[in-house]
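Q: Chains as they are written, first to last, in the UniProt record's numbering: chain H, 1 to 207; chain C, 1 to 207.
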DNA sequence: CTTGCTTGGATAGTCTCACTGTCTAATAAT
DNA sequence: ATTATTAGACAGTGAGACTATCCAAGCAAG
């Protein structure tokens with residue numbers, strides 16, 4: 001198919017497709033002449049993936065490019081796979097003081113998360129620094145509950161990593177890491193609504 | 001204190017503080033003369049809050065402004081409070097087709113999240129559309145596990161909302177909604193590391 | 001009291017990001 | 001033969017978050 005058909009099918013303007021081609025985030029079509037190239041289903045799917053990554057998942061073009069690169073040329077070690085997925089969506093880090101750092105380490109130790117990379121520990125510390133900046137304190141029990149909930153989630157996810165094919169495992173890990181994040185956040189908010197509605201009902205019943 | 005001292009204390013350049021003042025996201029100091037104003041501890045704390053919101057929490061300046069506005073002039077109804085917190089950090093939405101919409105509704109119903117707002121349902125649908133765009137399918141059990149985990153989290157959070165003071169409740173809900181998100185995501189990644197390390201150990205042991 | 005630094009306020013400039021528009025020469029469609 | 005489309009190059013746009021420059025009015029030190 002030609003670029004206009006690709007634009008039609010994917011719902012993305014031709015100019016934007018050309019931009020993705022220039023950025024190297026979309027593979028080029030098969031050249032049929034000096035002014036024509038042939039695009040196929042893989043291009044449609046790639047564009048859909050790009051839109052998903054830079055949309056709901058919140059990645060930048062360059063982060064999406066890195067991630068897609070890892071998809072196509074997966075790191076040889078499984079361990080590097082997680083790292084690639086995690087570094088694909090870099091969190092904005094704020095300043096972290098020592099007390100916050102210590103708090104993060106405390107949470108990590110209580111959760112039994114040994115052998116964790118500095119990167120994710122720093123991300124947690126930075127998030128805690130945000131809470132601290134707002135004078136927002138949470139009880140240790142709450143952190144432990146968060147840790148337990150995320151352990152449940154992560155255990156299931158890791159357990160479900162396909163073992164038959166490396167390519168399938170790569171896709172599962174890279175995409176699952178990034179694309180599930182908005183799902184979880186949306187669900188938390190839905191659960192908030194539900195929980196607060198129930199509390200309302202309880203309070204109304206008391207009167 | 002003068003603006004240069006405020007800059008020193010908060011670690012933010014004077015020019016940026018002036019920018020925050022212009023944007024109305026930082027309240028102005030007490031004027032002591034035509035060319036001088038007095039800033040205090042509230043300004044230091046506000047700047048820290050702003051940095052936390054636009055940093056790790058990923059809010060834009062205008063979203064942060066809205067949220068801070070709600071903090072200072074809380075909506076009268078508790079129900080509106082959650083809405084204010086949720087709309088303060090607007091998710092980027094992608095295109096959602098009917099099947100995805102139906103999938104979202106299915107998940108919501110199975111989780112027992114009735115009375116949910118369209119906004120959050122759309123956010124979930126949009127996140128699911130991202131998965132679908134990447135041909136990433138999750139089993140219903142996985143979604144249900146996510147839902148259960150988030151219900152646990154949200155129930156605890158809502159239960160801990162302070163009931164003694166309205167102001168305290170407002171701060172808890174608004175800030176907790178937004179600032180805890182990066183905490184949860186960082187924890188999920190830490191738990192991934194741990195889970196994958198354990199699987200490695202198991203596989204190594206099998207050999 | 002003068003010399004120089006600081007401030008508030010206004011305005012304009014910078015940098016990044018993710019596009020979007022324009023142009024050209026070569027081709028494809030009719 | 002005429003009209004439409006395309007690849008590729010390059011310049012322009014608009015939003016967002018600052019950053020820099022000016023100016024007149026203080027304030028501070030010698």
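Built from N, CA and C at the ideal position, the CB exists for glycine as well. Note that the structure is predicted; figures quoted are calculated from it, not measured.
1) Cβ closer than 8 Å: which chain H residues qualify as neighbours of residue 219 (chain C)?
2) Interface residues of chain H around residue 14 (chain C) at Cβ under 9 Å?
3) Apart from the five residues on each side of it in sequence, which residues of its chain come closer than 7 Å, Cβ to Cβ, to residue 37 (chain C)?
4) Are the Cβ atoms of residue 39 (chain C) and residue 6 (chain C) separated by less than 8 Å?
5) Can you pull the chain H residues whose beta carbon is under 8 Å from the beta carbon of residue 96 (chain C), in chain order?
6) My output table needs one value for residue 196 (chain C): the three-state DSSP class, helix, strand or coil.
7) Would you kindly check if the distance between the Cβ of residue 183 (chain C) and the Cβ of residue 127 (chain H) is under 8 Å?
8) Can you tell which of H:91, H:76 and H:144 has its C-alpha closest to the C-alpha of residue 105 (chain H)?
9) Taking the alpha carbon of residue 152 (chain H) as the point to measure from, which residue in C:124, C:113, C:154 and C:192 has its own alpha carbon closest?
10) Under 8 Å, do residue 134 (chain H) and residue 52 (chain C) count as touching if we go by C-beta distance?
11) Helix, strand or coil for residue 100 (chain C) per DSSP?
12) Assuming residue 154 (chain C) contacts residue 195 (chain H) (C-beta within less than 8 Å), just tell me the rounded distance between them.
13) Alpha carbon to alpha carbon, what distance is there between residue 81 (chain C) and residue 124 (chain C)?
14) To the nearest angstrom, how far is the alpha carbon of residue 3 (chain C) from that of residue 87 (chain H)?
15) I'd like the list of long-range same chain contacts for residue 130 (chain H), defined as Cβ closer than 7 Å, with 5 residues on each side in sequence excluded.
16) With DSSP run on the structure shown, which of helix, strand or coil describes residue 33 (chain H)?
17) Looking at residue 55 (chain C): is its Cβ nearer than 8 Å to the Cβ of residue 178 (chain H)?
18) For residue 64 (chain H), I'd like the list of residues in its chain whose CB is within less than 7 Å of its CB, leaving aside the five on either flank, ordered along the chain.
19) Would you mind telling me which residues of chain C sit closer than 7 Å to residue 134 (chain H), beta carbon to beta carbon, in chain order?
20) How long is the line joining the alpha carbons of residue 201 (chain H) and residue 158 (chain C), rounded to whole angstroms?
21) Please name the residue, chosen from C:41, C:58 and C:68, that lies closest to residue 23 (chain C) on a Cα-to-Cα basis.
22) Check whether the Cβ of residue 33 (chain C) sits closer than 7 Å to any heavy atom of the ligand GTP, and report yes or no.
23) Give the residues from the region 78 to 97 of chain C that approach chain H closer than 8 Å (Cβ to any Cβ), ordered along the chain.
24) Could you tell me the distance, in whole angstroms, from the CA atom of residue 163 (chain C) to the CA atom of residue 66 (chain C)?
25) In three-state DSSP terms, what is residue 38 (chain C)?
26) Just list the beta strand (DSSP E) runs in the UniProt domain "HTH merR-type" (1 to 70) of chain H, keeping only unbroken ones of 3 residues or longer that don't cross its boundaries, in chain order.
27) Looking at chain H, which residues of the region 147 to 158 of chain C have a Cβ within less than 9 Å of any of its Cβ atoms?
28) Counting only beta-carbon separations shorter than 8 Å, does residue 27 (chain H) have a partner in chain C?
29) The alpha helix (DSSP H) that contains residue 143 (chain C), what's its start and end?
30) If you reduce the DSSP assignment to three classes, tell me which class residue 120 (chain C) lands in.
31) For chain H, check one thing: does any of its Cβ atoms lie closer than 8 Å to the Cβ of residue 74 (chain C)?
A: Answer, in terms of the structure:
1) The first residue shown for chain C is 1 and the last is 207, placing residue 219 (chain C) beyond what the model contains.
2) Within the second chain, numbered from 1, the residue matching residue 14 (chain C) stands at position 14. Neighbours of residue 14 (chain C) on chain H: none; closest Cβ ~18 Å, over 9 Å.
3) Residue 37 (chain C) sits at position 37 when you count from the first residue of the second chain. Counting only Cβ-Cβ distances below 7 Å, and skipping sequence neighbours, we find 28, 29, 30 and 31.
4) Counted from its first residue, the second chain places residue 39 (chain C) at position 39. Counted from its first residue, the second chain places residue 6 (chain C) at position 6. Yes, these two residues count as a Cβ contact at 8 Å.
5) As a first step, residue 96 (chain C) must be located in the second chain, where it is residue number 96. What residue 96 (chain C) touches in chain H: nothing, since even the nearest Cβ is about 10 Å away.
6) Taking the first residue of the second chain as 1, we reach residue 196 (chain C) at position 196. Helix at residue 196 (chain C).
7) Taking the first residue of the first chain as position 1, residue 127 (chain H) is located at position 127. Taking the first residue of the second chain as position 1, residue 183 (chain C) is located at position 183. Yes, Cβ-Cβ distance for residue 127 (chain H) and residue 183 (chain C) is below 8 Å.
8) Here residue 105 (chain H) is taken as the residue at index 105 of the first chain, counted from 1. A check of alpha carbon separations from residue 105 (chain H) across H:91, H:76 and H:144 identifies H:144 as the nearest.
9) Working through the first chain from its first residue, we reach residue 152 (chain H) at position 152. Measuring from the Cα of residue 152 (chain H), the nearest candidate turns out to be C:192.
10) For the purposes of this step, residue 134 (chain H) is taken as residue 134 along the first chain, with counting starting at 1. For the purposes of this step, residue 52 (chain C) is taken as residue 52 along the second chain, with counting starting at 1. Contact flag set, yes.
11) For the purposes of this step, residue 100 (chain C) is taken as the residue at position 100 of the second chain. DSSP places residue 100 (chain C) in helix when its eight states are reduced to three.
12) On the second chain, position 154 is the one that residue 154 (chain C) refers to. On the first chain, position 195 is the one that residue 195 (chain H) refers to. 5 Å between Cβ atoms; contact.
13) Locating residue 124 (chain C) in the second chain gives position 124, where the first residue counts as 1. Locating residue 81 (chain C) in the second chain gives position 81, where the first residue counts as 1. Cα to Cα, residue 124 (chain C) sits roughly 20 Å from residue 81 (chain C).
14) The sequence position of residue 3 (chain C) within the second chain is 3, counting from 1. The sequence position of residue 87 (chain H) within the first chain is 87, counting from 1. So the alpha carbons of these two residues sit roughly 37 Å apart.
15) Counting from one through the first chain, the residue named residue 130 (chain H) turns up at place 130. Correct list, in chain order: 94.
16) Here the question's residue 33 (chain H) lines up with position 33 in the first chain. If DSSP states are grouped into helix, strand and coil, residue 33 (chain H) belongs with the strands.
17) Counted from its first residue, the second chain places residue 55 (chain C) at position 55. Counted from its first residue, the first chain places residue 178 (chain H) at position 178. Taking 8 Å as the Cβ cut-off, residue 55 (chain C) and residue 178 (chain H) do not qualify as a contacting pair.
18) To locate residue 64 (chain H), count along the first chain from 1; it is residue 64. For residue 64 (chain H), where only same-chain residues beyond five positions count, the Cβ hits under 7 Å are 25, 50, 53 and 54.
19) Residue mapping note: residue 134 (chain H) aligns to position 134 of the first chain, counting from 1. Correct list: 49, 52, 175 and 179.
20) On the first chain, position 201 is the one that residue 201 (chain H) refers to. On the second chain, position 158 is the one that residue 158 (chain C) refers to. Cα to Cα, residue 201 (chain H) sits roughly 13 Å from residue 158 (chain C).
21) As a first step, residue 23 (chain C) must be located in the second chain, where it is residue number 23. Comparing Cα positions, the closest option is C:68.
22) Although the ligand GTP was asked about, the structure shown includes no ligands whatsoever.
23) 78, 79, 82, 86, 91, 92, 93, 94 and 95
24) Along the second chain, read from residue 1 onward, the residue named residue 163 (chain C) stands at position 163. Along the second chain, read from residue 1 onward, the residue named residue 66 (chain C) stands at position 66. Whole-angstrom Cα-Cα distance: 24 Å.
25) Within the second chain, numbered from 1, the residue matching residue 38 (chain C) stands at position 38. Strand.
26) 30 to 33 and 36 to 38
27) 147, 148, 149, 150, 151, 152, 153, 154, 155, 156, 157 and 158
28) Indexing the first chain from 1 puts residue 27 (chain H) at position 27. No, because no Cβ of chain C sits closer than 8 Å to the Cβ of residue 27 (chain H).
29) Here residue 143 (chain C) refers to the residue found at position 143 of the second chain. Note, residue 143 (chain C): alpha helix (DSSP H), 140 to 159.
30) Sequence index remark: in the second chain, residue 120 (chain C) carries index 120 (1-based). Looking at residue 120 (chain C) - three-state DSSP - the assignment turns out to be helix.
31) Here the question's residue 74 (chain C) lines up with position 74 in the second chain. Chain H, which has no Cβ nearer than 8 Å to the Cβ of residue 74 (chain C), makes this no.
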